[in-house]
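First residue of the sequence shown: 721, per this note's numbering; consecutive thereafter.
Each residue gets a CB set at the ideal place from its N, CA and C atoms; glycine is no exception.
Predicted, not measured: the structure shown is a model, and the values here were computed from it.
Shown next, in structure tokens, is the structure this report addresses.
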Amino acid sequence: MQSKHGSLESTILKILWNLEENGDFKNSVKDVYDSLEQSNDQKRAYTTLKTVMDRLWEKKVLSRYKEGKKFYYRTTYTNQEAIVKSLNEVCNRYCNGDFSRLSAVLNSMAVNKELLNV
């Protein structure tokens with residue numbers, strides 16, 4: 721599981737996670753395109769989304785299957801799994817693997833929201 725993604729990759733993953741959380745596991749590039757069109761995010765060309773989603777499939781971040789002439793995509797890990805992986809990496813890098821130290825920082829952030837703007 722790769723934890724660093726470009727901004728469009730992250731946007732696509734967020735859209736797919738949201739669709740999957742709502743029980744929709746059969747999503748095409750058009751579904752992602754339509755969701756992006758409805759949001760306030762920067763508009764992207766369909767072909768750009770297709771290219772990025774194919775690259776995410778090559779990286780094994782998305783799974784893909786074909787039905788007729790159309791490809792459908794699913795994430796290979798949940799949003800929660802991505803968060804846990806990222807927190808593990810942060811903990812190992814900045815807290816020497818001490819989860820209690822990371823937890824104290826996270827708790828402090830939850831209480832003192834100004835820390836979020838650091």
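Can you tell me whether N812 is buried or exposed? The criterion is at least 16 other CB atoms within 10 Å of its CB, across all chains shown.
exposed
So, is V831 buried or exposed, given that buried needs 16 or more other C-beta atoms within 10 angstroms?
exposed
Would you mind stating whether L736 and T795 have Cβ atoms separated by less than 8 Å?
yes
Specify, as a first and last residue, the run of the beta strand (DSSP E) that F819 falls within.
Looking at the DSSP string, F819 is not in any beta strand (DSSP E); the run it does join, the alpha helix (DSSP H), is 819-831.
By Cβ distance, which residues of its chain are closer than 6 Å to L728, with the 5 residues on each side in sequence left out?
V772
Apart from the five residues just before and just after M721, which ones in its own chain have a Cβ nearer than 6 Å to its Cβ?
Per-residue confidence for M721 stands at a pLDDT of 48, beneath the threshold of 50, marking its modelled position as unreliable; no derived number is given.
What first and last residue would you give for the beta strand (DSSP E) that runs through K786?
782-787
Go to K790, then tell me how far its beta strand (DSSP E) extends in each direction, as first and last residue.
790-795
Integer-rounded CB distance, given that L739 should sit under 8 Å from Y753:
So it is not a contact: roughly 12 Å between Cβ atoms.
Measuring only the C-alpha atoms, how far is N747 from S759?
17 Å
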